[in-house]
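I have placed the structure first, in the form of structure tokens, so that the comments after it can refer back to it.
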Amino acid sequence: MRYFKKLVRPYIAWSAVVIIIPLIMMLLYAFTNSGNSLLNIQFTFENFKRFAEPVYLNVFLKSLKLGLLTVAICLVLGYTLAYIIAQFKESTQNVLILLVTVPMWINMLLRTYAWISILSDNGLLNALLSKLGLEPVSMMYTDFAVMIGQVCDFLPFMIIPIHTSLSKMDKSFIEASYDLGANPVQTFFKVVFKLSIPGVLNGVIMVFLLSISTFVIPKLLGGGQYVLMGNLIESQFVSVGDWNFGSAISIILAVIILFAIRWMKKVDAADN
Amino acid sequence: MKKIISLILCLVLVCAISGCGEERSVLKVYNAGEYIDTSLLSAFEKENGCKVVYETFDSNESMYTKVMSGEQYDIIIPSDYMIERLLKEGYLQEIDKAKLTNYDGINPALLSQPFDEENKYTVPYFWGTVGILYDKTVVAEEDLKDGWELLKNPKYKDDIYMYDSERDSFMIALKALGYSLNTADKAELDAAYAWLVEQRDMVNPIYVGDEVIDSMVSGNKSIAIVYSGDAAYIMSENEDLGYFEPDDGTNAWIDAMVITKDCQDTELAHKFIDFMIAPENAMKNSEAVGYTSSVMSVFDELKETVYSGNSAYNPRQNGENDEFFRYQDTETKKYCAELWTKVKAQ
Numbered sequence: 000m001r002y003f004k005k006l007v008r009p010y011i012a013w014s015a016v017v018i019i020i021p022l023i024m025m026l027l028y029a030f031t032n033s034g035n036s037l038l039n040i041q042f043t044f045e046n047f048k049r050f051a052e053p054v055y056l057n058v059f060l061k062s063l064k065l066g067l068l069t070v071a072i073c074l075v076l077g078y079t080l081a082y083i084i085a086q087f088k089e090s091t092q093n094v095l096i097l098l099v100t101v102p103m104w105i106n107m108l109l110r111t112y113a114w115i116s117i118l119s120d121n122g123l124l125n126a127l128l129s130k131l132g133l134e135p136v137s138m139m140y141t142d143f144a145v146m147i148g149q150v151c152d153f154l155p156f157m158i159i160p161i162h163t164s165l166s167k168m169d170k171s172f173i174e175a176s177y178d179l180g181a182n183p184v185q186t187f188f189k190v191v192f193k194l195s196i197p198g199v200l201n202g203v204i205m206v207f208l209l210s211i212s213t214f215v216i217p218k219l220l221g222g223g224q225y226v227l228m229g230n231l232i233e234s235q236f237v238s239v240g241d242w243n244f245g246s247a248i249s250i251i252l253a254v255i256i257l258f259a260i261r262w263m264k265k266v267d268a269a270d271n
Numbered sequence: 002m003k004k005i006i007s008l009i010l011c012l013v014l015v016c017a018i019s020g021c022g023e024e025r026s027v028l029k030v031y032n033a034g035e036y037i038d039t040s041l042l043s044a045f046e047k048e049n050g051c052k053v054v055y056e057t058f059d060s061n062e063s064m065y066t067k068v069m070s071g072e073q074y075d076i077i078i079p080s081d082y083m084i085e086r087l088l089k090e091g092y093l094q095e096i097d098k099a100k101l102t103n104y105d106g107i108n109p110a111l112l113s114q115p116f117d118e119e120n121k122y123t124v125p126y127f128w129g130t131v132g133i134l135y136d137k138t139v140v141a142e143e144d145l146k147d148g149w150e151l152l153k154n155p156k157y158k159d160d161i162y163m164y165d166s167e168r169d170s171f172m173i174a175l176k177a178l179g180y181s182l183n184t185a186d187k188a189e190l191d192a193a194y195a196w197l198v199e200q201r202d203m204v205n206p207i208y209v210g211d212e213v214i215d216s217m218v219s220g221n222k223s224i225a226i227v228y229s230g231d232a233a234y235i236m237s238e239n240e241d242l243g244y245f246e247p248d249d250g251t252n253a254w255i256d257a258m259v260i261t262k263d264c265q266d267t268e269l270a271h272k273f274i275d276f277m278i279a280p281e282n283a284m285k286n287s288e289a290v291g292y293t294s295s296v297m298s299v300f301d302e303l304k305e306t307v308y309s310g311n312s313a314y315n316p317r318q319n320g321e322n323d324e325f326f327r328y329q330d331t332e333t334k335k336y337c338a339e340l341w342t343k344v345k346a347q
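These protein sequence lines map, in sequence, to chains A and B.
Take the first sequence: its letter number 97 is residue 96 in this note's numbering, and every next letter is one higher.
For any residue, its number in this note's numbering is found by taking its place in the second sequence, counting from 1, and adding 1.
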């Protein structure tokens, strides 16, 4: 093992270059106010203070709400699907999990554009509705459209970890539960669900992370008025050119995610 | 021994990588998305035995961000006000017009503009206006008399696409109120902000980017703010649509080719510019993307043939209230950006 330790060194150098230096740059931008040049540095908290304005707080609350809702829907759908998949014999399970990942082989933008042509006012769904003699419904640029896009994109990240912990589970616990007189509902909540919590937490963290920082899906399916944290950061960098404020928002988002993960890990530890 | 072998292998690898292919000069071109007939690029490569690295941006602002973060290009095709900014910051090289054999064909009305009064740094590429694209079967003719106020007509609630760009949206509000689109007066900007908020609350417009092209072709909504060139293309695909520029005035613009100071092979860069304004190439280009050509003969021909009857291919020239965007100072820019975020997010 002594020899292998040296093998870590290139990795350390690599992560310094691609993780630590960019992070330091971000911190530097967030706490300064000199625009894009870093030549005359002046430290300030101004960028963070600006975030406390009601407009930006609203954006934050909206992102949080959407993130949590996505997590909740993904959890219900993902858990059900993972549970069903786990009931099959192992070779079938592998095929089914493969099928779950198939959409992820296709570029995310393309999948989102596909939703546009399905949901738009003259799209597939509305064509179907009018064939059936029903009134067309405007679905694009609503919470519904954004939610469908997000859930479809992020669902695999929920299914896979849950499925992993369900399939690893020792079946004799379930048998023991039945032997001791528990009914199926009790068995599910007291044994199966409890044992799958690590997978659930991993899935929740992944989906939450992705959905709170996304910007492409809300932009395309929700329209420009659907401003979330990700869009706010994007516009600060790309169109406004205020890298300092953009960095500050990124850091606030990173800190929130960090705390969320810490908190969920604690839940995990307390359960065990 | 092992070390020697691996050294030799490394050397072979390095030679193989650097030696592959003969020396070919490379030209890096940075242009807006969907803004060129890409077959012209390969034609240029063949003609000059060079390689063209072609990249696209989705707005002048994102182009600026990328260039300022150190990315290097030889030729960029930005809009007037962005050229003014790049010029102010000393990023452009002079263009030697003696090397451009087709320069005389450029529409003289596009030359000597405020962003480059002596025509030293720019060669016009496309030009046009910003206007309203509307569905003739839905929007009543007499409602068009309202000009920009059409965008506030409650009759068309939920039926309007705005352009998700603060400068273009503020332009509309400022023109509707009768102000200059280059104003730096905060009271006027606040009034424009109030106009946009009122519009948002009254008709619930959707703020979109380039998706507007596909959406209007398939007729999802009946009113949209678009550039004249996009309008010309959309109208050639969907016959129900019309294009008009309100009398209150609008943004007239010119996009032009510039050579950056990072460009080493200026000879090739000049050849590229000359290639793009050669009448036969300009014809192909303009026909493919729908934007109005800067080459006079091409413009004259296309407006009579392929785009005859297409009002968007022949945008208003020298409109009484029309203006170019000018360079905006950082403070005004920041102020507008913040107001624009408020319009969208609140």
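The beta-carbon is built from N, C-alpha and C at its ideal position, and this holds for glycine as well.
query, result
"Mapping the DSSP letters down to three states, classify methionine 163 of chain B as helix, strand or coil.", "strand"
"For isoleucine 11 of chain A, which of helix, strand or coil comes out of DSSP?", "helix"
"In its own chain, which residues sit with a C-beta less than 6 Å from the C-beta of cysteine 337 of chain B, not counting the 5 before and 5 after it?", "Glu167, Phe171"
"Does aspartate 248 of chain B get closer than 8 Å to chain A when you measure Cβ to Cβ?", "no"
"In this structure, does DSSP put valine 266 of chain A in helix, strand or coil?", "helix"
"So the candidates are A/Lys130, A/Leu74, A/Tyr225; which of them puts its Cα closest to the Cα of tyrosine 55 of chain A?", "A/Tyr225"
"Relative to the alpha-carbon of tyrosine 234 of chain B, which residue among B/Tyr92, B/Met83, B/Val307 has its alpha-carbon at the smallest distance?", "B/Val307"
"Do we get a CB-CB distance below 8 Å when we pair valine 239 of chain A with the residues of chain B?", "yes"
"What's the gap between the Cα of phenylalanine 207 of chain A and the Cα of tyrosine 65 of chain B?", "33 Å"
"Does any residue of chain A bring its CB to less than 8 Å from the CB of glutamate 332 of chain B?", "no"
"Between which two residues does the alpha helix (DSSP H) harbouring valine 54 of chain A extend?", "53-85"
"Run through the DSSP bridge pairs and tell me what phenylalanine 276 of chain B is partnered with.", "None; phenylalanine 276 of chain B has no bridge partner."
"For phenylalanine 45 of chain B, count the other beta carbons within 10 Å of its own beta carbon; 16 or more makes it buried, fewer makes it exposed. Which is it?", "buried"
"With a cut-off of 8 Å on the beta carbons, I'd call isoleucine 173 of chain B and isoleucine 226 of chain B a contact; round off their distance for me.", "7 Å"
"Does any residue of chain A have a CB that is nearer than 8 Å to the CB of aspartate 165 of chain B?", "yes"
"Under three-state DSSP, which class holds leucine 93 of chain B?", "strand"
"Measuring alpha carbon to alpha carbon, tell me which of B/Glu143, B/Asp81, B/Gly230, B/Trp149 ends up nearest phenylalanine 116 of chain B.", "B/Asp81"
"Going by C-alpha to C-alpha distance, which of B/Asp231, B/Met203, B/Val204, B/Asn205 sits closest to serine 216 of chain B?", "B/Asp231"
"Please list, in chain order, the chain B residues whose beta carbon lies closer than 8 Å to that of leucine 219 of chain A.", "Glu212"
"Taking the alpha-carbon of alanine 313 of chain B as reference, which of B/Met236, B/Glu72, B/Lys100 has the nearest alpha-carbon?", "B/Met236"
"Should threonine 333 of chain B and alanine 188 of chain B be called a contact, given that it needs their Cβ atoms to be closer than 8 Å?", "no"
"I'd like to check one pair, isoleucine 107 of chain B with isoleucine 260 of chain B: are the Cβ atoms closer than 8 Å?", "no"
"Is there a Cβ of chain A sitting closer than 8 Å to that of glutamine 200 of chain B, yes or no?", "no"
"Considering just the uninterrupted stretch of the beta strand (DSSP E) at alanine 225 of chain B, what are its terminal residues?", "224-228"
"Can you tell which of B/Glu288, B/Gln318, B/Asn319, B/Glu321 has its C-alpha closest to the C-alpha of glutamate 305 of chain B?", "B/Glu288"
"List the endpoints of the continuous beta strand (DSSP E) containing tyrosine 31 of chain B.", "27-33"
"For a contact defined as C-beta to C-beta under 8 Å, what are the partners of phenylalanine 44 of chain A on chain B?", "Near phenylalanine 44 of chain A there are no residues of chain B at all, since even the closest Cβ is about 18 Å away, more than 8 Å."
"What residues are listed by DSSP as bridge partners for serine 80 of chain B?", "B/Asp256"
"For threonine 306 of chain B, which three-state DSSP category applies?", "coil"
"Are the CB atoms of tyrosine 292 of chain B and glycine 129 of chain B nearer to each other than 8 Å?", "yes"
"Does DSSP put leucine 242 of chain B in a helix, a strand or coil?", "strand"
"With distance defined between alpha-carbon atoms, name the residue in A/Thr141, A/Gln149, A/Ile117 nearest to tyrosine 208 of chain B.", "A/Thr141"
"Can you pull the chain A neighbours of glutamate 62 of chain B, defined as C-beta to C-beta under 8 Å?", "Val237, Ser238, Val239, Gly240"
"Let's see if you can read the secondary structure: which residues bound the alpha helix (DSSP H) around tryptophan 341 of chain B?", "331-346"
"Using a Cβ-Cβ distance under 8 Å, would lysine 146 of chain B count as near chain A?", "no"
"Are the beta-carbon atoms of glycine 250 of chain B and aspartate 144 of chain B separated by less than 8 Å?", "no"
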